[in-house]
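Notes for the one structure printed next.
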Amino acid sequence: MIEYALNFGYAAVSVAVLLNLWRLLRGPSLMDRVLAVDTMVINIIALIILFGIQQRTTVFFEGALLFAMFGFISTVAYCRFILRGDVIE
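Following UniProt numbering, the numbering of the sequence shown begins with 1 at its first residue and continues without gaps.
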């Protein structure tokens, strides 16, 4: 039963990544593209967690946590750069 759930999860997250890629390429503004990249990071974290569940190991969960922290910090830094022109005040 878990294999069917994992396959469905892989398919759903893959469709979400493709839609984010479409928004990244066709976004009318720069902020749409930034949000698309941020959402892609979240979807990649979901793929890492699904792979960790499939492999039955906790190493991937720690990697997903590190990736989430890096994604959050980079999105905040990029948004500050767009709004203010400088990351560090």
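Quick reminder that beta carbons are idealized off the backbone N, C-alpha and C, glycines included.
Note that the coordinates shown come from a computational prediction; the quantities given were computed from them, not determined experimentally.
Query, Result
"Using the Cβ count rule (16 or more neighbours within 10 Å means buried), how would you classify A5?", "exposed"
"How many Å lie between F70 and M1 at the Cα?", "33 Å"
"Kindly provide the ranges of any alpha helix (DSSP H) runs that are 4 or more residues long and lie completely inside the stretch 18-81, ordered along the chain.", "30-55"
"Throw me the rounded Cβ distance for the L24 and V37 pair, which I believe falls under 8 Å.", "6 Å"
"Quick check on this structure: which residue in I53, N20 and P28 has the alpha carbon closest to the alpha carbon of I42?", "N20"
"Out of R33, I49, R56 and E62, point me to the one whose CA is closest to residue 101's CA.", "Outside the modelled stretch of the chain, which goes from 1 to 89, sits residue 101, for which no answer is possible."
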